[in-house]
Amino acid sequence: MPAASRVHPNEGRVLLMPRSFRSLGYLLLASLAFGASVACTDLTVEPKSTVSSANIFNEPGSYRAYIAKLYAGLAVTGQQGPAGAGDISGIDEGFSHYIRLVWQMQELPTDEAGIAWNDAGVQELNTQLWSSSNQFLVAMYYRIFFQVALANEFLRETTDDKLAGRNTSPALRAEIQQYRAEARFLRALSYWHAIDLFGNVPLVDETFPIGRTPPPQSTRAELFAWVDSELQDIRSALPAPRAGQYGRADQGAVAMLLSKLYLNAQVYAGTARWSDARAEAERVIAGGYQLDGNFRRMFSADNHTSPEIVFAVPQDGTRQQSFGGTTFLINASVGGNMDASAYGIGGGWWGLRIKPEALAKFPNAPTGPDGRASHIVTAGHSASMANITDFFSGYPAPKFTNRTSAGALGS
Numbered sequence: 000m001p002a003a004s005r006v007h008p009n010e011g012r013v014l015l016m017p018r019s020f021r022s023l024g025y026l027l028l029a030s031l032a033f034g035a036s037v038a039c040t041d042l043t044v045e046p047k048s049t050v051s052s053a054n055i056f057n058e059p060g061s062y063r064a065y066i067a068k069l070y071a072g073l074a075v076t077g078q079q080g081p082a083g084a085g086d087i088s089g090i091d092e093g094f095s096h097y098i099r100l101v102w103q104m105q106e107l108p109t110d111e112a113g114i115a116w117n118d119a120g121v122q123e124l125n126t127q128l129w130s131s132s133n134q135f136l137v138a139m140y141y142r143i144f145f146q147v148a149l150a151n152e153f154l155r156e157t158t159d160d161k162l163a164g165r166n167t168s169p170a171l172r173a174e175i176q177q178y179r180a181e182a183r184f185l186r187a188l189s190y191w192h193a194i195d196l197f198g199n200v201p202l203v204d205e206t207f208p209i210g211r212t213p214p215p216q217s218t219r220a221e222l223f224a225w226v227d228s229e230l231q232d233i234r235s236a237l238p239a240p241r242a243g244q245y246g247r248a249d250q251g252a253v254a255m256l257l258s259k260l261y262l263n264a265q266v267y268a269g270t271a272r273w274s275d276a277r278a279e280a281e282r283v284i285a286g287g288y289q290l291d292g293n294f295r296r297m298f299s300a301d302n303h304t305s306p307e308i309v310f311a312v313p314q315d316g317t318r319q320q321s322f323g324g325t326t327f328l329i330n331a332s333v334g335g336n337m338d339a340s341a342y343g344i345g346g347g348w349w350g351l352r353i354k355p356e357a358l359a360k361f362p363n364a365p366t367g368p369d370g371r372a373s374h375i376v377t378a379g380h381s382a383s384m385a386n387i388t389d390f391f392s393g394y395p396a397p398k399f400t401n402r403t404s405a406g407a408l409g410s
């Protein structure tokens with residue numbers, strides 16, 4: 000979204016609301032665990048950091064830093080890039096990237112994409128044979144609740160009473176109110192992923208006591224109602240559509256998330272909400288977001304100039320590194336005899352291809368009548384994907400690229 004403050008012009012991005020995704024922040028806090036027990040199970044280990052909830056907010060800049068960490072939870076995997084001090088454990092850190100996991104959960108079990116690798120659990124997603132122990136499924140659950148735990152702690156530490164006790168200035172208090180709305184938006188976003196991917200999960204907000212009885216499961220319908228209420232409540236506290244900082248939530252992002260929530264209301268809560276889904280989508284359009292006349296730009300390194308992206312998770316090759324996000328989406332789609340430099344990368348990972356069922360939706364691919372299939376590569380590959388573990392079985396379809404829409408290299 001165009002904004003008063005921009006990030007690096009050559010950042011490639013994943014679209015958060017339209018289809019895939021990406022994030023703002025740089026890791027500004029050393030070690031924020033705050034009740035997210037996904038990364039440590041030994042309660043006898045002494046803390047290795049002097050940062051605690053008692054002193055973390057002594058500096059005025061720490062509030063902005065904490066919100067940056069919340070956004071960064073969508074874009075990076077830990078305390079340094081690309082790996083080495085991950086937020087969650089039990090899985091290779093590169094595999095644990097939030098957006099990479101969401102993409103895999105939403106695409107690999109469907110008729111859209113397949114991946115050639117044989118890493119433990121990945122073919123279970125390809126073939127819809129996963130169990131509750133699948134490492135990617137578990138990591139997705141951990142990622143969601145790591146985000147929820149961080150958001151909850153921020154909300155606990157920024158109540159009126161807490162801020163008054165720290166003699167917080169009126170100007171900073173006003174700024175923190177928007178941060179609180181952003182934390183609630185990011186928490187609602189993660190809960191939408193939980194609703195969509197898992198159905199019934201515990202509903203834990205900032206009022207739930209830490210370290211007590213484990214939270215009970217909530218129904219999908221209860222979670223739906225809660226996310227709906229949260230988003231309605233915070234809407235006015237966020238900037239108007241296209242008026243905020245790039246990569247941060249605004250009222251357009253709220254409307255887009257509500258539209259997606261209502262679109263599946265019949266599945267989530269038992270009652271269709273088609274007219275509400277349309278009304279929220281029309282709010283997005285009325286806010287100034289519009290279809291991009293240059294379809295390829297939305298998936299290029301200059302897609303921050305696209306008028307179609309409602310909420311982005313920025314990715315930057317200079318300022319942040321990971322093995323997820325657009326790094327995964329671009330590299331995993333390139334291999335074989337493909338020219339990696341054409342996509343602005345040094346080499347491919349020989350992984351992702353488009354499944355025949357999705358390919359059938361693109362007449363005359365890769366030429367097609369509207370250019371939307373121009374990213375599909377046919378040379379040297381078969382269309383059938385008869386052997387899903389063979390990169391040459393199935394057409395690669397690297398939609399994202401680390402080149403701009405004009406062909407220049409990204410960062």
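Numbering (our numbering), first residue to last: 0 to 410.
Just so you know, even glycine gets a beta-carbon here, dropped at the ideal spot from N, CA and C.
{"query": "Measuring only the C-alpha atoms, how far is Leu328 from Phe399?", "result": "7 Å"}
{"query": "Just checking, does the segment 211-222 make contact with the segment 103-110 on the three C-beta pairs under 8 Å criterion?", "result": "no"}
{"query": "Using beta-carbon positions only, say whether Ala278 and Ala271 come within less than 9 Å of one another.", "result": "no"}
{"query": "Determine the direct distance from the alpha carbon of Pro397 to that of Arg247, and round the result to whole angstroms.", "result": "27 Å"}
{"query": "Per DSSP, Ser392 is paired with what?", "result": "Ser381"}
{"query": "Looking only at DSSP bridge pairs, what is Arg352 linked to?", "result": "Gly113"}
{"query": "Is the CB-CB distance between Phe56 and Lys161 below 9 Å?", "result": "yes"}
{"query": "Where does Gly324 fall in DSSP's three states?", "result": "helix"}
{"query": "Any chance the CB of Arg211 is under 8 Å from a heavy atom of the ligand ZN?", "result": "This structure lacks the ligand ZN; in fact it carries no ligand of any kind."}
{"query": "Val312 lies in the alpha helix (DSSP H); which residues open and close that run?", "result": "Segment Ala311 to Pro313 is the beta strand (DSSP E) holding Val312; no alpha helix (DSSP H) there."}
{"query": "Under a three-way DSSP split, which group does Val376 fall into?", "result": "coil"}
{"query": "Buried or exposed: which applies to Glu281, given that a residue is buried once 16 or more other Cβ atoms fall within 10 Å of its Cβ?", "result": "exposed"}
{"query": "Please list the terminal residues of the continuous alpha helix (DSSP H) segment that includes Ala364.", "result": "Unbroken run through Ala364: none, as it is neither H nor E."}
{"query": "May I have a chain-ordered list of the alpha helix (DSSP H) segments no shorter than 4 residues that lie completely inside the segment 151-194?", "result": "159-164"}
{"query": "Does any residue of chain C bring its CB to less than 9 Å from the CB of Leu202?", "result": "The question asks about chain C, but that chain is absent: this structure has only one protein chain."}
{"query": "For Thr388 versus Gln122, is the C-beta distance shorter than 9 Å?", "result": "yes"}
{"query": "To the nearest whole angstrom, what separates the beta carbons of Gly370 and Phe322, a pair I think is in contact under 8 Å?", "result": "That pair is no contact at about 30 Å."}
{"query": "By Cβ distance, which residues of its chain are closer than 8 Å to Trp191, with the 5 residues on each side in sequence left out?", "result": "Val226, Leu256, Lys259 and Leu260"}
{"query": "Between the C-alpha atoms of Gln146 and Ile194, what's the straight-line distance to the nearest angstrom?", "result": "15 Å"}
{"query": "Could you give the uninterrupted runs of the alpha helix (DSSP H) lying entirely in the segment 79-130, keeping only those of 4 residues or more?", "result": "97-106 and 121-125"}
{"query": "Roughly how many whole angstroms lie between the Cα atoms of Gln319 and Trp129?", "result": "32 Å"}
{"query": "Identify, in the order they occur along the chain, each residue of the same chain with its Cβ nearer than 8 Å to the Cβ of Pro395, setting aside the five sequence neighbours on each side.", "result": "Ser332, Val333, Gly334, Gly335, Met337, Leu351, Arg352, Ile353, Ile375, Val376 and His380"}
{"query": "In chain order, what residues of the same chain lie with their CB nearer than 8 Å to the CB of Ile344, ignoring the 5 residues before and after it?", "result": "Ile329, Asn330, Val333 and Asn401"}
{"query": "Rounded to whole angstroms, what is the Cα-Cα separation between Ala67 and Asn363?", "result": "44 Å"}
{"query": "Decide yes or no for the touch test of the segment 78-91 against the segment 172-179: beta carbon pairs closer than 8 Å, at least 3 of them.", "result": "no"}
{"query": "Among residues of its own chain, excluding the 5 on either side of Ala254, which ones have a beta-carbon nearer than 6 Å to its beta-carbon?", "result": "Glu279, Arg282 and Val283"}
{"query": "Going by Cα to Cα distance, which pick from Ala339, Thr304 and Glu106 is closest to Gly292?", "result": "Thr304"}
{"query": "With 16 as the cutoff for other CB atoms within 10 Å, does Ser88 come out buried or exposed?", "result": "exposed"}
{"query": "Spatial neighbours of Pro306 within its chain, please: C-beta separation below 7 Å, excluding the five flanking residues on both sides.", "result": "Tyr288, Gln289 and Asp291"}
{"query": "Identify the continuous alpha helix (DSSP H) that holds Gln250 and give its terminal residues.", "result": "Gln250 to Leu262"}
{"query": "Alpha helix (DSSP H) containing Lys68: first to last residue?", "result": "Gly60 to Ala71"}
{"query": "Give the DSSP-derived three-state secondary structure of Pro319 in the structure shown.", "result": "Correcting the residue identity first, residue 319 is Gln in this sequence and not Pro. Residue state, collapsed to three classes: coil."}
{"query": "Strictly by DSSP, which residues pair up with Val200?", "result": "Ser217"}
{"query": "Just the C-alpha distance for Gly164 and Asn125, rounded to the nearest angstrom, thanks.", "result": "53 Å"}
{"query": "Give every residue of the same chain whose Cβ lies closer than 6 Å to the Cβ of Ser299, excluding the five residues on either side of it in the sequence, and list them in chain order.", "result": "Thr400, Thr403 and Ser404"}
{"query": "Taking just the CA atoms, how far does Leu69 sit from Met139?", "result": "16 Å"}
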